[in-house]
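A.B. asks:
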């Protein structure tokens, strides 16, 4: 939030922090590397109700009114940026926002992030790799080799 970065890889969850810090930012598709198109992971908001919940009916009502409706999504989005919603009509409304347009470029290029335990190991290794490579501590190849070793441990 000090304004010293040339770029960062993040998502809608970071927008409010950047705005509060009065950082002028934009959102763009991840760049192609050596002619290969970037394929960012897509996070999907999902909700479920435990079948043993004594309040299942209330939970279902909340999910249907807040996550599956245009008005509910609008309420959530006014509180915290939700990114590009799956509800196409609402996504079209939000696309007036340049951040949503940039995010939509990544959505169109990306693929859903696997919901597997190994993703924790991936993120624990790749975030430091990107940091050490971009700040010049190591070469990109060294950073990725280290990350690959860490993921296999």
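Residue numbers (this note's numbering): 1308 to 1460. Glycine included, each C-beta is placed from N, C-alpha and C at the ideal position. Bear in mind that the values here come from a model prediction, so they are computed numbers and not experimental data.
1. Give the DSSP bridge partners of residue 1385, in chain order.
2. With DSSP collapsed to three states, give me the class of residue 1332.
3. Indicate the three-state DSSP secondary structure (helix, strand or coil) for residue 1456 in the structure shown.
4. Residue 1337 to residue 1343, Cα distance in whole Å?
5. With DSSP as the reference, label residue 1399 as helix, strand or coil.
6. Which one of 1383, 1458 and 1365 has the shortest CA to CA distance from residue 1373?
7. Among 1434, 1405, 1404 and 1379, which one has its Cα closest to the Cα of residue 1394?
C.D. replies: Concretely, from the data shown:
1. As a first step, residue 1385 is located in the chain shown; it is residue number 78 there, counting from the start. Beta-bridge partners of residue 1385 (DSSP): none assigned.
2. Taking the first residue of the chain shown as position 1, residue 1332 is located at position 25. Coil, per DSSP.
3. Position 149 of the chain shown, counted from the start, is the residue given in the question as residue 1456. It is helical.
4. Stepping through the chain shown from its first residue, residue 1337 is reached at position 30. Stepping through the chain shown from its first residue, residue 1343 is reached at position 36. Looking at the backbone, the Cα of residue 1337 and that of residue 1343 are separated by about 11 Å.
5. The residue given as residue 1399 occupies position 92 in the chain shown. Three-state result, residue 1399: helix.
6. The residue you call residue 1373 lines up with position 66 of the chain shown. The shortest C-alpha separation from residue 1373 is found at 1383.
7. Translated into positions along the chain shown, residue 1394 becomes position 87. Selected option, being the one with the closest Cα: 1379.
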